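Engineer:
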Amino acid sequence: MQKSHFIANDWVAPAEGEFIPVIDPSDGSSLGEIARGTAHDVDAAVAAARSAIGETFDGPWGALAAAQRGRLLYRFSAAVSEHAEELAALEASDTGKSMKTARADVVALARYLEYYAGACDKLHGETLPYEAGYMVMTVREPHGVTAHIIPWNYPIQIFGRTVGASLAAGNACVVKPAEDASLSVLRLAEIAAAIGFPSGAINVVTGYGHEAGAALTEHRGIDHISFTGSTVTGRRVGEAAARRHCPVTLELGGKSPQIVFEDADLDAALPVIVNAIVQNAGQTCSAGSRLLVHSSVYEQVLERLARSFRALRSGPPALELDMGPLVNRKQYELVKSILAKAEADGIQVAACGELHPDAAAAGFYQEAVLLRDVPHGHSLAQEEIFGPVLAAMPFEDEAEAIRLANGTDFGLVAGVWTRDGARQLRLARKLRCGQVFVNNYGAAGGVELPFGGVKSSGYGREKGFEALLGFTVLKTIAVRHG
Ligand code: NDP
Numbered sequence: 039m040q041k042s043h044f045i046a047n048d049w050v051a052p053a054e055g056e057f058i059p060v061i062d063p064s065d066g067s068s069l070g071e072i073a074r075g076t077a078h079d080v081d082a083a084v085a086a087a088r089s090a091i092g093e094t095f096d097g098p099w100g101a102l103a104a105a106q107r108g109r110l111l112y113r114f115s116a117a118v119s120e121h122a123e124e125l126a127a128l129e130a131s132d133t134g135k136s137m138k139t140a141r142a143d144v145v146a147l148a149r150y151l152e153y154y155a156g157a158c159d160k161l162h163g164e165t166l167p168y169e170a171g172y173m174v175m176t177v178r179e180p181h182g183v184t185a186h187i188i189p190w191n192y193p194i195q196i197f198g199r200t201v202g203a204s205l206a207a208g209n210a211c212v213v214k215p216a217e218d219a220s221l222s223v224l225r226l227a228e229i230a231a232a233i234g235f236p237s238g239a240i241n242v243v244t245g246y247g248h249e250a251g252a253a254l255t256e257h258r259g260i261d262h263i264s265f266t267g268s269t270v271t272g273r274r275v276g277e278a279a280a281r282r283h284c285p286v287t288l289e290l291g292g293k294s295p296q297i298v299f300e301d302a303d304l305d306a307a308l309p310v311i312v313n314a315i316v317q318n319a320g321q322t323c324s325a326g327s328r329l330l331v332h333s334s335v336y337e338q339v340l341e342r343l344a345r346s347f348r349a350l351r352s353g354p355p356a357l358e359l360d361m362g363p364l365v366n367r368k369q370y371e372l373v374k375s376i377l378a379k380a381e382a383d384g385i386q387v388a389a390c391g392e393l394h395p396d397a398a399a400a401g402f403y404q405e406a407v408l409l410r411d412v413p414h415g416h417s418l419a420q421e422e423i424f425g426p427v428l429a430a431m432p433f434e435d436e437a438e439a440i441r442l443a444n445g446t447d448f449g450l451v452a453g454v455w456t457r458d459g460a461r462q463l464r465l466a467r468k469l470r471c472g473q474v475f476v477n478n479y480g481a482a483g484g485v486e487l488p489f490g491g492v493k494s495s496g497y498g499r500e501k502g503f504e505a506l507l508g509f510t511v512l513k514t515i516a517v518r519h520g
């Protein structure tokens, strides 16, 4: 299998003729090749998107009525559901995620597209009271051409929540998926073309981040950038955007705390806490990777969690176990080195999961690990690991729980487990992050719920109606009619 770029509804060979190998992380075997994009390919994709929009929003995509855009997005959503098994299998083989997770990702994508389809013709401005003789109104217009830099952990879902929202707002898109996980995004662009999206509305350029990705973020034909990935690369993207005053949304991950108080319903909380760190083998920006537990129930919680962790299995995606492999060798070695440092620093392992006997030695498998009594200042409690590693620590009272929870550079999500209603509200207001979940975590995906961070977790919001607004420019029009 050799895949070119997908530009203007067609497969386009890379300008420099080079390709990048695609590796199956479950056994290290080859899945084929994808195009190695360069600035020339990015130029071609941006040009295609610009002509879809037109100079004055008069191109085949730019001129489409909102209701027509909505109908196309509905058709796209239905087509995704029709191709669900194929898309899930592609995603599972490319990223190593279990088929169970990949199927859930496809369901989420169909729902994102459906949600944004319905929103297209509800995106309106206002009339504003002003002086006599004036009529003042606001209109929401698309930015024009938007760039979407998508990481390897949830390509299908992140395509849905960023490209779906941007298309609904009337923009044309140029997408750069991660070099480790481009296959599903290429297939989605192909499906969109087949169901009637005009040429240039959705374009995909594959390749390395420092080549195709950097060329895209620096391109003068891009009017908005949506980036999901690491803090380091996010800073680089933000700087490139700032150099030419291009608006940007950054979603940069976290070190999200799960806070368990002494009155929590542990039967409800513990399975959710386990899932929030092992889902997608811990490679989730909103993973609940820190566990703060009131000292009076700390031992009980750790004992119960240790039992759950020992039962977790990692193995080939097709076996539908708790976890597949990590996405690539780099991520695998990173997690291993973090765990080696934990051991050298004397951090105690409370429990580990197991590898399934069918897990190939050449695959990038990592067992789930529960660490206990992790000091708050240790890098394990401060830095994103992006693997199935949960760092637990006790707290004495509510004030300490808040201080620990807020005490990292990140601020994406927090989970609070308590039956005390007043405490639920106090915590919800005092935690510095973009989303707080009380007696649940993640609200099962919550397509409708705005999502994003504070501090080093980034800025701007994805998901929900808020994301749609972010993909528009508000224009004020004042008419003096006398
Ligand atoms: P990156 O942030 O480097 O990659 C994310 C995306 O950015 C990929 O599509 C990548 O392309 C692209 N990219 C890389 N460099 C540039 C650049 N200079 N300009 C524009 N785009 C670029 O993450 P990594 O894959 O290196 O993962 C490292 C760590 O990042 C993980 O361990 C994890 O902690 C965090 N991460 C967080 C994610 C989140 O959901 N918030 C998602 C993924 C990672 P390519 O992959 O082709 O280089």
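Going letter by letter, the sequence shown gives residues 39 to 520 in the working numbering.
Just so it is clear, CB atoms sit at the ideal spot from N, CA and C, and this is done for glycine as well.
Quick caveat, the model's predicted, so the values are computed rather than measured.
Hey, which unbroken runs of the beta strand (DSSP E) at 3 residues or more fall wholly within the region 464–495?
Structural biologist: Listed in chain order, the complete beta strand (DSSP E) runs (minimum 3 residues) inside the region 464–495 are 473–476.
Engineer: Quick one: is the Cβ of Phe-424 within less than 8 Å of any heavy atom of the ligand NDP?
Structural biologist: Because some heavy atom of the ligand NDP lies under 8 Å away, the Cβ of Phe-424 counts as near it: yes.
Engineer: List the endpoints of the continuous alpha helix (DSSP H) containing His-394.
Structural biologist: Neither: His-394 is in no alpha helix (DSSP H) and is coded neither H nor E.
Engineer: Going by DSSP in three states, Leu-221 sits in which element: helix, strand or coil?
Structural biologist: Leu-221: helix per DSSP, three-state reduction.
Engineer: Suppose you measure from the CA of Val-474 to the CA of Ala-443; what does that come to, to the nearest Å?
Structural biologist: Rounded to whole angstroms, Val-474 to Ala-443 spans 12 Å at the Cα level.
Engineer: What does a CB cutoff of less than 6 Å around Ala-378 pick up in its chain, not counting 5 residues either side in sequence?
Structural biologist: The answer is none, since no qualifying residue turns up.
Engineer: Applying the criterion that 16 or more other CB atoms from any shown protein chain within 10 Å of the CB defines a buried residue, is Thr-165 buried or exposed?
Structural biologist: Result: exposed.
Engineer: Closest to Gly-415 by C-alpha separation, out of Ala-252, Arg-328, Glu-434, Glu-256, would be which residue?
Structural biologist: Residue Arg-328 is the option with its Cα nearest to Gly-415.
Engineer: Identify the continuous beta strand (DSSP E) that holds His-43 and give its terminal residues.
Structural biologist: Start and end: 43–45.
Engineer: Please tell me whether Ala-219 and Val-365 are closer than 9 Å, where the distance is taken between their beta carbons.
Structural biologist: For Ala-219 and Val-365, yes; Cβs fall inside 9 Å.
Engineer: Quick one: using the 10 Å Cβ neighbour count with 16 as the cut-off for buried, is Asp-106 buried or exposed?
Structural biologist: Here residue 106 turns out to be Gln, not Asp, going by the sequence shown. Answer is exposed; the Cβ neighbour count stays below 16.
Engineer: Hey, Thr-514 and Met-175: beta-carbon distance below 9 Å or not?
Structural biologist: The answer is yes: Cβ separation under 9 Å.
Engineer: Tell me which residue opens and which closes the alpha helix (DSSP H) that Tyr-336 is part of.
Structural biologist: From DSSP, the alpha helix (DSSP H) with Tyr-336 extends over 336–348.
Engineer: Roughly how many angstroms separate the alpha carbons of Ser-42 and Glu-504, rounded to a whole number?
Structural biologist: Cα to Cα, the separation comes out at about 34 Å.
Engineer: Less than 8 Å separating the Cβ of Val-275 from some heavy atom of the ligand NDP?
Structural biologist: At least one heavy atom of the ligand NDP is nearer than 8 Å to the Cβ of Val-275, so yes.
Engineer: Output needed for Gln-462: all residues of its chain with C-beta closer than 7 Å, excluding positions within five of it in sequence on either side, in chain order.
Structural biologist: Excluding sequence neighbours, Gln-462 sits near Val-454, Thr-456, Val-476.
Engineer: Flag this pair as touching only if the region 45–52 and the region 106–122 have three or more C-beta atom pairs under 8 Å; answer yes or no.
Structural biologist: Segments in contact, no.
Engineer: Look up Pro-52 in the DSSP assignment and say whether it is helix, strand or coil.
Structural biologist: Coil.
Engineer: Do Leu-350 and Ser-136 have their CB atoms nearer than 9 Å?
Structural biologist: Result no, Cβ atoms of Leu-350 and Ser-136 do not sit closer than 9 Å.
Engineer: How many Å lie between Glu-421 and Lys-293 at the Cα?
Structural biologist: Approximately 7 Å between the Cα atoms of the pair.
Engineer: Is it true that the CB of His-262 sits closer than 9 Å to the CB of Phe-509?
Structural biologist: Contact flag set, yes.
Engineer: Could you give the first and the last residue of the continuous beta strand (DSSP E) run that contains Leu-330?
Structural biologist: Per DSSP, Leu-330 belongs to the beta strand (DSSP E) from 326–332.
Engineer: Residues in its own chain within less than 6 Å of Leu-418 by CB, not counting five upstream and five downstream?
Structural biologist: Hits under 6 Å: Ala-380, Val-412, Ala-429.
Engineer: Taking one C-beta from the region 237–257 and one from the region 150–165 each time, how about it: are there three or more such pairs within less than 8 Å?
Structural biologist: Counting Cβ pairs under 8 Å, fewer than three are found: no touch.
Engineer: Between the Cα of Gln-338 and the Cα atoms of Ala-388, Gly-276, Ala-231, which residue gives the shortest distance?
Structural biologist: Per the Cα distances, Ala-388.
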